[in-house]
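Enquirer: Anchor point for the sequence shown: position 118 equals 555 in our numbering, and the numbering is continuous, going up by one each time.
Glycine is no exception: its CB is placed at the ideal position from the N, C-alpha and C atoms.
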Amino acid sequence: MLENQVPFFVLEKLYNLAFPSTLNSGGRESHPSLLRLALRYIVPSRIVPCDNNNDELTLVDVGRIAHFTDLTRKSLLRSSHLLQPSTSGCSREAKLTQLYSATELNEAGVKFEVHKTSQCLLDLELSGHTLKIPFIRVMDSTEVILRNLLAFEQCHYIHESYLTDYAAVFDFLINTEKDVDFFVKNGIIENWFNGLGVNVVHPNINTQQYFLFFK
């Protein structure tokens with residue numbers, strides 16, 4: 438749980454005491470770093486397909502990683518186009534309005550496809566009448582993980598609440614089992630996904646790209 442997170446630097450010191458790093462005959466470290474192990478086994482790569490690029494985060498200053506929840510968020514946000522400067526001219530904050538459900542949008546002519554060129558959970562792309570959404574695999578633990586990430590964002594990243602915006606969009610898109618079945622049949626989600634917006638305060642949309650869905 439978010440409130441029970443042990444600071445990452447404490448875990449790292451304990452790990453280094455238990456497994457002091459030495460170089461073997463091949464010039465490699467005898468034990469992988471705690472950060473590398475965390476990226477490989479603790480960060481929930483099962484939510485989205487792993488592209489084996491998580492090691493890029495080893496370049497991040499460890500002192501800036503608060504705990505495993507923070508590390509998970511950084512991993513999910515890696516390489517997202519949402520972090521790039523926007524040229525759309527949209528306001529940084531837009532009032533949250535109504536968005537139709539996935540089946541209603543589909544009946545109105547909007548097509549939904551799996552975003553095959555991105556493995557970042559947040560990269561929803563609207564092109565013409567087609568909305569591309571990255572695949573998400575929902576496991577038994579997915580809701581707990583994402584709810585902790587949302588709580589963490591709303592406490593510490595209120596103006597960079599990318600995951601909260603993502604949850605707000607899906608809270609509109611999925612209203613009934615029919616919407617869930619629609620996404621499953623289109624290969625966008627596996628298992629069940631809904632209700633992440635419950636008890637989440639999102640009066641404004643912070644992410645410029647997500648604002649396009651509410652125009």
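Mapping DSSP to helix, strand and coil, what is S512?
Expert: Taking the sequence shown and counting its residues from 1, the one referred to as residue 512 is at position 75. Correct three-state label for S512: helix.
Enquirer: Please state if the CB of V551 and the CB of G624 are separated by a distance shorter than 8 Å.
Expert: Sequence index remark: in the sequence shown, residue 624 carries index 187 (1-based). Sequence index remark: in the sequence shown, residue 551 carries index 114 (1-based). Yes; because the gap between Cβ atoms is below 8 Å, this pair is in contact.
Enquirer: Alpha helix (DSSP H) containing E597: first to last residue?
Expert: Position 160 of the sequence shown, counted from the first residue, corresponds to residue 597. Run containing E597: none; DSSP gives neither H nor E here.
Enquirer: Beta-carbon within less than 7 Å of F619's beta-carbon, same chain only, minus the 5 sequence neighbours each way: which residues are those?
Expert: Within the sequence shown, the letter at position 182 stands for residue 619. The residues are A539, T540 and N543.
Enquirer: Rounded to whole angstroms, what's the CA-CA distance from H468 to A455? Just pull it up for me.
Expert: Position 31 of the sequence shown, counted from the start, is the residue given in the question as residue 468. Position 18 of the sequence shown, counted from the start, is the residue given in the question as residue 455. Going by the C-alpha atoms only, they are around 11 Å apart.
Enquirer: Going by CA-CA distance only, name the one from H504, N441 and L513 that's closest to L471.
Expert: Numbered from 1 along the sequence shown, position 34 holds the residue referred to as residue 471. Minimum Cα distance to L471 is reached at H504.
Enquirer: Where E614 and N628 are concerned, what is the direct C-alpha to C-alpha distance, given to the nearest angstrom?
Expert: Position 177 of the sequence shown, counted from the first residue, corresponds to residue 614. Position 191 of the sequence shown, counted from the first residue, corresponds to residue 628. Those two C-alpha atoms are separated by around 11 Å.
Enquirer: Could you give the distance in angstroms between the alpha-carbon of K450 and the alpha-carbon of L561?
Expert: Position 13 of the sequence shown, counted from the first residue, corresponds to residue 450. Position 124 of the sequence shown, counted from the first residue, corresponds to residue 561. If you take the alpha carbons of K450 and L561, they lie about 38 Å apart.
Enquirer: Would you identify the three-state DSSP class for I479, choosing helix, strand or coil?
Expert: Working through the sequence shown from its first residue, we reach residue 479 at position 42. Here I479 sits in helix by DSSP.
Enquirer: Using DSSP's beta-bridge definition, name the partner residues of F549.
Expert: If you number the sequence shown from 1, residue 549 lands on position 112. Bridge partners of F549: L568.
Enquirer: If you run the structure through DSSP and keep just helix, strand and coil, what is I582?
Expert: By one-based count along the sequence shown, residue 582 stands at place 145. Here I582 sits in helix by DSSP.
Enquirer: To which residues of the same chain is I479 closer than 7 Å at the C-beta, ignoring the five residues directly before and after it?
Expert: Counting from 1 along the sequence shown, the entry for residue 479 is found at position 42. F505, listed in sequence order.
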